[in-house]
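This report concerns only the one structure given below.
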Amino acid sequence: MYIYDQRDHAMLAQRTAQFRGQVARRLNGALSEAEFRPLRLLNGLYLQLHAYMLRVAIPYGTLSARQMRGLAAVARSYDKGYGHFTTRQNIQFNWPKLDDVPRILEDLAGVEMHAIQTSGNSIRNVTADAYAGVAADEIEDPRIYAEIIRQWSTLHPEFTFLPRKFKIAVTGAPRDRAAVRVHDIGLQIRTNEAGEVGFAVIVGGGLGRTPIVGPLIREFLPKRDLLSYLEAILRVYNQLGRRDNMFKARIKILVQSVGKEQFTEMVEDEWRRIAGGTLDLEADEIARIAASFAPPPYDRLEPVDLAFEFKLAADPRFAQWCRTSLAAHRQPGYAIVDVSLKPADGVPGDVTAAQMEALADLAERFSSSEIRATHWQNLVLPHVRLSDVHAVWLALAALGLATPNIGLASDVIACPGLDYCNLANARSIPVAQAISRRFADIKRLHDIGDLRINISGCINACGHHHVGNIGLLGVDKKGEEYYQLTLGGSDDENAALGELVGPAFPYDEIVDAVETIVNTYMDRREPGEQFLATYRRVGLGPFKERLYGAHQG
Amino acid sequence: MALIKDNALRPDPWVFVADEAELPESDPAIVSFERWQRDRARLGVRNGPLGLRLRSDQPPEGIADDLAAFDLIALEFPKFTDGRAYSYARLLRERYGFEGELRAVGNVLRDQLFFMQRCGFDTFEVADDVDIGAWLEAFVEIDVIYQPADDDRRPFRTLRTDAAGPTAERR
Chain A
0 MYIYDQRDHA
10 MLAQRTAQFR
20 GQVARRLNGA
30 LSEAEFRPLR
40 LLNGLYLQLH
50 AYMLRVAIPY
60 GTLSARQMRG
70 LAAVARSYDK
80 GYGHFTTRQN
90 IQFNWPKLDD
100 VPRILEDLAG
110 VEMHAIQTSG
120 NSIRNVTADA
130 YAGVAADEIE
140 DPRIYAEIIR
150 QWSTLHPEFT
160 FLPRKFKIAV
170 TGAPRDRAAV
180 RVHDIGLQIR
190 TNEAGEVGFA
200 VIVGGGLGRT
210 PIVGPLIREF
220 LPKRDLLSYL
230 EAILRVYNQL
240 GRRDNMFKAR
250 IKILVQSVGK
260 EQFTEMVEDE
270 WRRIAGGTLD
280 LEADEIARIA
290 ASFAPPPYDR
300 LEPVDLAFEF
310 KLAADPRFAQ
320 WCRTSLAAHR
330 QPGYAIVDVS
340 LKPADGVPGD
350 VTAAQMEALA
360 DLAERFSSSE
370 IRATHWQNLV
380 LPHVRLSDVH
390 AVWLALAALG
400 LATPNIGLAS
410 DVIACPGLDY
420 CNLANARSIP
430 VAQAISRRFA
440 DIKRLHDIGD
450 LRINISGCIN
460 ACGHHHVGNI
470 GLLGVDKKGE
480 EYYQLTLGGS
490 DDENAALGEL
500 VGPAFPYDEI
510 VDAVETIVNT
520 YMDRREPGEQ
530 FLATYRRVGL
540 GPFKERLYGA
550 HQG
Chain B
0 MALIKDNALR
10 PDPWVFVADE
20 AELPESDPAI
30 VSFERWQRDR
40 ARLGVRNGPL
50 GLRLRSDQPP
60 EGIADDLAAF
70 DLIALEFPKF
80 TDGRAYSYAR
90 LLRERYGFEG
100 ELRAVGNVLR
110 DQLFFMQRCG
120 FDTFEVADDV
130 DIGAWLEAFV
140 EIDVIYQPAD
150 DDRRPFRTLR
160 TDAAGPTAER
170 R
């Protein structure tokens, strides 16, 4: 964990005092709502359909048990007793009162958390692989660089009034669990021919109304040049990104309009002029930050734990949960435990204060006091001894957090939708709940296998529908909620955008349509073939036929 | 309009002269980029301080070779959300070596002053009746910074501690 020192604390205290002053000026009328808006957004405070919403950053998805308790306390004291984990490693509180917000920020600062730049046309919370530091396939811990970027981007004087929001994600493994190809900048840690570790740089990916899988603009960037290169990209964008139309203001539009080659040339040209300056990252600075992400003191364990194996063999329900909820840990005798926030009929990503506190206890007892937030709106206990996995499962089950559905049909990503959001055309949460009920049978769920269903309530795509294997997009048809279906999307290292199947389905028919898609896959799949592979083999045709064959389609 | 300069609210000795209007004999005068393009021969030999005002769609590359002619450059923020001039300011200071007065004009708000100053602005055009005490606080309410820019504040720790302030290429 990165631990704040005196100066980091001082900065948060100053920032909170500043925001307290801004709120006071808004309340006494010295600031108009138009003037206050960007200030509150830069502190994570939105005005939604019914109330303010405060979005708190969980940088690179890493949380301590103490921080989780801090979030629980905010949920209890200032909200309705729950919080909502988002797809970008943030947590949202849906019901804070404006004059409470400075106090909430003060409380959060006490546990080294903040809401700085979780909104606004600024560099947003930097995200990373939720398995950072523990994944068996990792080259280097991406959080080291995400933290360096977090610091560099915090109150950056040149880049706080960009044309539009700006999202950066970092992954340290070849398997992309951070969706770096659909970010404004995606950084993938890699090794070059000389054996040096650096970054592949992807710029101009994104979802929203113009979904794009970002192009690679640099095969290999040495670590030393990380910040100067980012500064060059941002400087080009700040000057040339469109400001006349907010729908065309993201960097992806700039990259597309000038073309990848010319954009790359502009960045490289700017970078050559600033490289080698004070933004250079020295090895000792990287080492200093890296030290704060050193692994916890692990026990030296055998890679196989007999008691664990015995429980697996003896208890089919435990074995079922383990199949979806455990990932390979780099340390022998340990496991990464995924915690599903998608119970049948639940709201994806919602956690109560009591659950947060219990998770903090579990993390302290079984996971070196660490918790992670994933971009699929789930949580992770990253350092669990195999011998403790059964106890963790029992505890999670008692909390309603042991649904064995990680990566399966009911592990739905959903935006808040029309229940909360003033941009939405349609509800997302009730559709996610209905899908989770429809696929509640665990045996069938496991038989269906890997399947990502993502739901967005509008074209802004907060629910990442374009990159869901099955994507649902809420649209408004003469005041009725309809849902368009896309198939074949994926947000991993082989990122792809889903293809539209055909005319949208009304609210009452959409879950049947999803089930029809699933049934079509089940009929068409070859032994062992997952949904995405079948789709890529057979294409849209069979799905279209089953969905629309009876109608004119 | 008044001016925040050297930590005080002061009257503005400069005037902006519209493109078709007569230039004052020798008083400090600010002209547009268009007028500079048109009248540069005459403006260059004028007896009196000369300033240039750039809109946010007029990047400073266009006048990089002319900087010696100007005692002041005013960068316009048509809306405070238009942040292009932050980059222009740093380029003028750090890349093109402009050492004259760099002024923020247009929609200049209290809560932008800190960022503007960090990017190299040293004067700020504001309404005559601003609460100057509260506005000046904007420069000092945060003093822990994480990245080098154009000011003398030293980024805390994250970056090379032996590098004093501004980036290497400056001046």
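In the order they appear, the protein sequences are chains A and B.
Letter by letter, the first sequence follows residues 0 to 552 of numbering that gives the first Met the number 0.
Letter by letter, the second sequence follows residues 0 to 170 of numbering that gives the first Met the number 0.
Where a beta carbon is used, it is the ideal one built from N, C-alpha and C, also for glycine.
Residue burial classification, residue i (beta-carbon count within 10 angstroms, cutoff 16)
i, result
"P505 (chain A)", "exposed"
"A248 (chain A)", "buried"
"R109 (chain B)", "buried"
"M265 (chain A)", "buried"
"K164 (chain A)", "buried"
"D5 (chain B)", "exposed"
"W13 (chain B)", "buried"
"A40 (chain B)", "exposed"
"D161 (chain B)", "Because D161 (chain B) carries a pLDDT of 35, less than 50, the predicted location of this residue cannot be relied on, and no value is offered for it."
"D7 (chain A)", "buried"
Rounded C-alpha distance that separates residue i from residue j
i, j, result
"L48 (chain A)", "W94 (chain A)", "11 angstroms"
"P302 (chain A)", "G171 (chain A)", "23 angstroms"
"H182 (chain A)", "G538 (chain A)", "27 angstroms"
"D446 (chain A)", "H155 (chain A)", "49 angstroms"
"L44 (chain A)", "R242 (chain A)", "23 angstroms"
"V513 (chain A)", "I469 (chain A)", "8 angstroms"
"D142 (chain B)", "M10 (chain A)", "7 angstroms"
"R37 (chain B)", "A63 (chain B)", "17 angstroms"
"A334 (chain A)", "E492 (chain A)", "23 angstroms"
"G109 (chain A)", "A343 (chain A)", "35 angstroms"
"R176 (chain A)", "D128 (chain A)", "5 angstroms"
"A7 (chain B)", "F32 (chain B)", "29 angstroms"
"F123 (chain B)", "P27 (chain B)", "17 angstroms"
"L70 (chain A)", "A64 (chain A)", "10 angstroms"
"G99 (chain B)", "G348 (chain A)", "54 angstroms"
"K476 (chain A)", "L74 (chain B)", "46 angstroms"
"A114 (chain A)", "R54 (chain A)", "6 angstroms"
"P37 (chain A)", "P331 (chain A)", "48 angstroms"
"I2 (chain A)", "K79 (chain A)", "30 angstroms"
N-terminal and C-terminal residue of the alpha helix (DSSP H) that residue i is part of
i, result
"F530 (chain A)", "F530 to V537"
"G132 (chain B)", "I131 to V139"
"E75 (chain B)", "Careful: E75 (chain B) lies outside any alpha helix (DSSP H), inside the beta strand (DSSP E) at L71 to F76."
"E93 (chain B)", "That residue, E93 (chain B), is in no alpha helix (DSSP H); it is neither H nor E in DSSP."
"T519 (chain A)", "Y506 to R523"
"I143 (chain A)", "P141 to S152"
Residue i: first and last residue of the uninterrupted beta strand (DSSP E) it sits in
i, result
"Q146 (chain B)", "Looking at the DSSP string, Q146 (chain B) is not in any beta strand (DSSP E), and its letter there is neither H nor E."
"N453 (chain A)", "I452 to S455"
"K476 (chain A)", "I469 to K476"
"R217 (chain A)", "L215 to P221"
"T61 (chain A)", "T61 to S63"
"E100 (chain B)", "E100 to G105"
"Q483 (chain A)", "E479 to L486"
Proximity winner among the options, relative to residue i (alpha-carbon distances)
i, options, result
"R83 (chain B)", "A:L229, A:E195 and A:Q238", "A:Q238"
"R271 (chain A)", "A:Q255, A:D314, A:A286 and A:L226", "A:L226"
"I188 (chain A)", "A:T61, A:A29 and A:L215", "A:L215"
"N106 (chain B)", "B:G50, B:F32, B:D38 and B:S55", "B:S55"
"T15 (chain A)", "A:R25, A:Y81 and A:L107", "A:L107"
"T153 (chain A)", "B:D151, B:D150, B:Y145 and B:R152", "B:Y145"
"I29 (chain B)", "B:D130, B:D5, B:F69 and B:F113", "B:F69"
"P210 (chain A)", "A:E479, A:M521, A:A532 and A:V466", "A:V466"
"A148 (chain B)", "B:Y87, B:W134 and B:L135", "B:Y87"
"V133 (chain A)", "A:L305, A:L325, A:Q21 and A:E32", "A:L325"
"L2 (chain B)", "B:N46, B:D150 and B:V104", "B:V104"
"S455 (chain A)", "A:V350, A:Y481 and A:R24", "A:Y481"
"K78 (chain B)", "B:D18, B:F15, B:R52 and B:Q111", "B:Q111"
"V430 (chain A)", "A:P58, A:T277, A:I509 and A:I143", "A:I509"
"R437 (chain A)", "A:A425, A:M52, A:S409 and A:L300", "A:S409"
Proximity test, residue i beta-carbon vs the ligand GTP heavy atom, cut-off 8 angstroms
i, result
"Q255 (chain A)", "With respect to small molecules bound, the structure shown includes none, and the ligand GTP cannot be examined in it."
> Which full runs of the beta strand (DSSP E) of 3+ residues lie inside the stretch 348 to 430 of chain A, going along the chain?
Replying inline: The qualifying runs are 349 to 351, 369 to 372 and 378 to 384.
> Residue ranges of each alpha helix (DSSP H) run of no fewer than 4 residues wholly in the stretch 75 to 126 of chain A, ordered along the chain?
Replying inline: Runs of the alpha helix (DSSP H) lying entirely within the stretch 75 to 126 of chain A, each at least 4 residues long, are 100 to 109 in chain order.
> Hey, which unbroken runs of the beta strand (DSSP E) at 3 residues or more fall wholly within the stretch 178 to 234 of chain A?
Replying inline: Assignment of beta strand (DSSP E) within the stretch 178 to 234 of chain A, counting only whole runs of 3 or more residues, yields 184 to 190, 196 to 202 and 215 to 221 in chain order.
>> For a minimum of 3 consecutive residues, which ranges assigned as the beta strand (DSSP E) are wholly contained in the stretch 282 to 347 of chain A?
In response: Runs found: 325 to 327 and 333 to 338.
>> What are the residues in the stretch 261 to 292 of chain A lying within 7 angstroms of chain E by C-beta distance?
In response: Included in the structure are the protein chains A and B, with no chain E among them.
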